[in-house]
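Visitor: Next up is a structure, given as structure tokens.
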Amino acid sequence: MSKSSMSDKALFNAANVIRSYGFLDQSSMIDLLYRVVMTKKALSGKDDDCDTVYRTMQEVSATLPRFPGDADLFFTIYNALSPLDERGILSFINIANDGRELFAPDVLIEKFSEYIEAGTSKVLVTECEQYGPSLLDVIESNPKVQFTLTSRQAIRTELLSVVYAGIKNVKLLAADIYSYGFTTEKYDLIISIPIFGGRVLVNGEDFISREPDLIAVQNLLYHINMDGNLAMVLPAKITFGGGSTAALREYIERNYKIKEISVLPAGLFTPYTSIRTYLFVFSTGRTDDVVLKQYESDKPIRKSSPCKSLVVKNEILLFGDEFADLNGWNVDMAFSEEDEDIKAFSNSPVKKLRLKDAATVFRGKAVNAKAESGNVAVINISNITDTGIDYEHLDQIEEEERKVSRYILEDGDVLVTARGTTVKIAVFEKQPMICIPSANINVIRPKDMLRGAYLKLFLESPVGIKMLQSLQRGTVVVNINYKDIIELEVPVLPLEAQDALIEEYNTGLRFYKETIAAAEEGWRGVQQGIQSKLY
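First residue of the sequence shown: 1, per full-length UniProt numbering; consecutive thereafter.
Okay, structure coming up:
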């Protein structure tokens with residue numbers, strides 16, 4: 001198949017011509033492309049004067065809404081788009097994308113192609129309307145492989161049938177991968193980027209989850225051959241989510257092999273979504289070992305400057321029992337253990353305990369209504385500052401003490417924010433009023449062998465920060481689950497040594513604050529002196 005007869009610049013110019021006539025959204029641009037492609041196909045060498053083109057368009061698009069313009073307008077659009085060949089059609093679909101639909105970056109298509117091995121004969125690519133001309137390159141470079149491409153959208157399926165009509169090793173299948181029985185075939189390799197990042201749920205299907213991306217995982221796993229692979233992009237939630245997400249993880253662990261989990265660069269699917277994504281490779285059998293990778297982009301990702309190359313930043317191999325020890329599929333925790341600072345901490349002779357053995361950990365209370373004045377103060381994330389807790393501006397609620405008794409804070413409790421863009425840590429000091437934490441705060445209540453202030457010093461150290469970061473879940477707004485915190489390993493020095501470190505820190509902090517205050521006062525004096533001499 002020939003390369004597109006239109007350059008990228010010409011394609012953008014054609015798209016701008018169409019937009020100049022008021023066809024701004026993606027659906028209307030794809031609608032016009034469909035009318036032009038089907039009209040061109042129907043004419044096939046016949047006269048293409050204005051009237052003939054317009055009349056033919058009306059015939060081939062009789063099932064569509066009426067074209068919102070006259071013959072001259074359509075003829076102008078026809079002349080702009082009819083030079084598109086197969087690659088041009090795929091490129092135009094990409095150009096028309098306004099960010100509301102997922103479109104696979106070329107660099108990811110290249111990565112998928114690496115899983116086509118010497119013995120691969122049957123490949124399934126789901127929702128192929130997401131892919132640009134790079135998919136054609138992969139197909140053409142593997143002429144002995146039979147590719148089955150699925151598409152769910154009727155108009156795009158017909159467009160794609162024109163694109164792939166002349167390729168012998170391609171079969172186009174109108175199918176919904178979110179429903180049972182979309183195919184009876186099994187494949188050596190399945191490539192998929194399912195719907196994710198939205199709130200759409202699928203009803204009426206007997207899957208473990210109702211979320212489309214998780215349905216796709218389960219459904220596609222049924223269709224890999226004995227030695228087949230499923231290479232699939234999924235959002236970060238599959239690595240930590242509870243409920244049906246956790247149930248699906250357990251199902252996969254029991255019935256399939258997890259071969260590879262790769263962290264993809266942030267922003268790879270911009271502007272469709274900015275959530276964190278992972279590339280998974282599943283197969284049949286049991287998980288003996290798992291390859292974990294961290295990819296980074298060759299350059300900062302922007303809308304006008306997409307990722308051109310995936311560079312391996314880190315790569316480790318975990319045996320099955322080591323992978324099972326991860327909380328969920330927390331690959332970030334695995335990479336943190338390879339960090340030099342954390343290795344140094346792990347190898348140090350200092351006594352260490354998991355927090356579940358050295359403290360009680362719980363999450364704060366969900367509070368629905370505030371009161372002008374109440375008998376219980378509530379500490380929110382906004383009340384935790386760089387210098388401690390702002391007790392003067394706490395919200396208040398009116399509540400029976402027995403109903404909040406399990407949440408009442410005690411002197412020395414360590415507060416760690418559960419949600420937000422950054423992790424904040426503070427030590428609670430007993431107040432005249434009952435205080436409780438909000439649901440966005442985790443509370444660590446040290447046992448007798450651990451001081452709260454000492455624990456705060458450790459959690460704010462480079463090692464502690466990295467350990468907390470390894471627990472961060474979430475996609476856009478990160479969160480830390482208290483059930484993960486209890487698994488953290490922390491140093492436990494003798495109490496005398498802890499107290500000495502706390503005193504040393506407090507002495508240094510007081511000196512720092514006094515020095516800063518004196519410097520600021522001196523600077524104000526200099527400024528005032530200069531200002532008094534200006535006039």
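Idealized CB from N, CA, C, for every residue including glycine.
Pull the bridge partners of L310 from the DSSP assignment, please.
Guide: Translated into the one-based positions of the sequence shown, residue 310 becomes position 310. Bridge partners of L310: S297.
Visitor: Quick check: does the Cβ of T515 come within less than 8 Å of any heavy atom belonging to the ligand ATP?
Guide: For the structure depicted, the ligand ATP is absent and the ligand set is empty, with no information on it obtainable.
Visitor: Suppose you measure from the CA of I275 to the CA of V526; what does that come to, to the nearest Å?
Guide: The residue you call residue 275 lines up with position 275 of the sequence shown. The residue you call residue 526 lines up with position 526 of the sequence shown. Here the alpha carbons of V526 and I275 stand approximately 49 Å from one another.
Visitor: DSSP three-state call for F319: helix, strand or coil?
Guide: Position 319 of the sequence shown, counting from 1, holds the residue named residue 319. Three-state DSSP puts F319 in a strand.
Visitor: Could you check the C-alpha separation between S4 and F92 for me, to the nearest Å?
Guide: As a working mapping, residue 4 is identified with position 4 in the sequence shown. As a working mapping, residue 92 is identified with position 92 in the sequence shown. Confidence at S4 is low in this model, with a pLDDT of 44, below 50, so the placement of that residue should be treated as unreliable; the coordinate-derived value is given next. Near 11 Å, if we compare the C-alpha coordinates of F92 and S4.
Visitor: Can V290 and I252 be called in contact, C-beta distance under 9 Å?
Guide: Numbered from 1 along the sequence shown, position 290 holds the residue referred to as residue 290. Numbered from 1 along the sequence shown, position 252 holds the residue referred to as residue 252. No, the pair does not count as a contact, with Cβ atoms beyond the cut-off.
Visitor: Can you tell me which of the three DSSP states Y115 falls into?
Guide: As a position in the sequence shown, residue 115 is number 115, starting the count at 1. It is coil, neither helix nor strand.
Visitor: Hey, residue 589 and A358 are a contact pair by Cβ (cut 8 Å); roughly how many whole angstroms apart?
Guide: It is not possible to answer for residue 589, since the shown part of the chain is limited to 1 through 535.
Visitor: Comparing C-alpha positions only, which one of R406, K144 and K356 sits nearest to K168?
Guide: Position 168 of the sequence shown, counting from 1, holds the residue named residue 168. The shortest Cα separation from K168 among R406, K144 and K356 belongs to K144.
Visitor: Determine the direct distance from the alpha carbon of S309 to that of P105, and round the result to whole angstroms.
Guide: Start at 1 with the first residue of the sequence shown, and residue 105 comes out as number 105. Start at 1 with the first residue of the sequence shown, and residue 309 comes out as number 309. So the two alpha carbons sit approximately 10 Å from each other.
Visitor: Using CA coordinates, which residue listed in V217, F207 and E487 is at the minimum distance from residue 544?
Guide: Past the edges of the chain, shown from 1 to 535, lies residue 544, and the structure says nothing about it.
Visitor: Would you give the residue range spanned by the alpha helix (DSSP H) that residue 542 belongs to?
Guide: Nothing in the structure corresponds to residue 542, since the chain is present only between 1 and 535.
Visitor: I need the straight-line Cα distance from I116 to V125, nearest angstrom please.
Guide: As a working mapping, residue 116 is identified with position 116 in the sequence shown. As a working mapping, residue 125 is identified with position 125 in the sequence shown. Going by the C-alpha atoms only, they are around 12 Å apart.
Visitor: If distances are taken between C-alpha atoms only, which option among L279, Q146, G328 and Q498 comes closest to K111?
Guide: The residue given as residue 111 occupies position 111 in the sequence shown. Looking at the Cα atoms, L279 is the closest of the given residues.
Visitor: Suppose the cutoff is 7 Å on Cβ atoms and the five residues either side in sequence are ignored; what does the same chain contact list for K41 look like?
Guide: Here residue 41 refers to the residue found at position 41 of the sequence shown. Excluding positions up to five away in sequence, the list reads V162.
Visitor: Quick check on DSSP: helix, strand or coil for T496?
Guide: Position 496 of the sequence shown, counted from the start, is the residue given in the question as residue 496. With the sequence shown as reference, residue 496 is identified as Glu, and Thr is not the correct amino acid for it. DSSP places E496 in the helix class (H, G or I) of the three-state scheme.
Visitor: At the level of alpha carbons, what is the spacing between T387 and Q469?
Guide: For the purposes of this step, residue 387 is taken as the residue at position 387 of the sequence shown. For the purposes of this step, residue 469 is taken as the residue at position 469 of the sequence shown. Taking the straight line from one Cα to the other gives about 21 Å.
Visitor: Helix, strand or coil for M226 per DSSP?
Guide: Within the sequence shown, residue 226 is the residue found at index 226, counting from 1. Of the three classes helix, strand and coil, the one that applies to M226 here is strand, per DSSP.
Visitor: So which of F269, Y272 and L189 has the shortest CA-CA distance to K231?
Guide: As a first step, residue 231 is located in the sequence shown; it is residue number 231 there, counting from the start. Per the sequence presented here, residue 231 reads as Ala, with Lys not at that position. The shortest C-alpha separation from A231 is found at L189.
Visitor: For P235, which of W329, S348, L493 and A165 has the nearest alpha-carbon?
Guide: Looking up residue 235 in the sequence shown gives position 235. That would be W329, whose Cα lies nearest to the Cα of P235.
Visitor: Runs of 3 residues minimum, wholly inside the region 404-433: which ones carry the beta strand (DSSP E) assignment?
Guide: Within the region 404-433, the complete beta strand (DSSP E) runs of at least 3 residues are 414-417 and 425-427.
Visitor: Please identify the residue among L220, L214 and N225 whose C-alpha is closest to the C-alpha of G242.
Guide: The residue given as residue 242 occupies position 242 in the sequence shown. Considering only alpha carbons, the answer is L214.
Visitor: Give me the Cα-Cα distance between M1 and G132, rounded to the nearest whole angstrom.
Guide: Translated into positions along the sequence shown, residue 1 becomes position 1. Translated into positions along the sequence shown, residue 132 becomes position 132. With a pLDDT of only 38 at M1, under the threshold of 50, the placement of this residue in the model should not be trusted; the figure read from the coordinates follows. Answer to the nearest angstrom: the Cα atoms are 15 Å apart.
Visitor: From this set, I516, A266 and S121, which residue's C-alpha is nearest E296's C-alpha?
Guide: Position 296 of the sequence shown, counting from 1, holds the residue named residue 296. Answer by Cα proximity: A266.
Visitor: When the Cα of K237 is compared with those of T277, G119 and V378, which residue comes out closest?
Guide: Taking the first residue of the sequence shown as 1, we reach residue 237 at position 237. Cα-wise, what sits closest to K237 is T277.
Visitor: Suppose the cutoff is 6 Å on Cβ atoms and the five residues either side in sequence are ignored; what does the same chain contact list for A426 look like?
Guide: Your numbering for residue 426 matches position 426 in the sequence shown. Around A426: I384, G388, I389 and L415.
Visitor: Pop quiz: L172 and Y164 are said to be a contact at Cβ under 8 Å. What is the actual Cβ separation, rounded to whole angstroms?
Guide: As a first step, residue 172 must be located in the sequence shown, where it is residue number 172. As a first step, residue 164 must be located in the sequence shown, where it is residue number 164. Rounded, the Cβ-Cβ distance is 6 Å, consistent with contact.
Visitor: Grab the span of the beta strand (DSSP E) containing V443 for me, first residue to last.
Guide: Taking the first residue of the sequence shown as 1, we reach residue 443 at position 443. Note, V443: beta strand (DSSP E), I441 to P446.
Visitor: Output the boundary residues of the alpha helix (DSSP H) element that contains I342.
Guide: Numbered from 1 along the sequence shown, position 342 holds the residue referred to as residue 342. I342 -> alpha helix (DSSP H) spans E340 to N347.
Visitor: In whole angstroms, what separates the C-alpha of G181 from that of E205?
Guide: By 1-based counting over the sequence shown, the position of residue 181 is 181. By 1-based counting over the sequence shown, the position of residue 205 is 205. Taking the straight line joining both Cα atoms gives about 11 Å.
Visitor: Assuming E211 is part of the alpha helix (DSSP H), what are its boundary residues?
Guide: As a first step, residue 211 must be located in the sequence shown, where it is residue number 211. Unbroken run through E211: none, as it is neither H nor E.
Visitor: Within 10 angstroms of its Cβ, does M38 collect 16 or more other Cβ (buried), or is it exposed?
Guide: The count along the sequence shown starts at 1 and reaches residue 38 at position 38. With 16 or more other Cβ atoms inside 10 Å of its own Cβ, M38 counts as buried.
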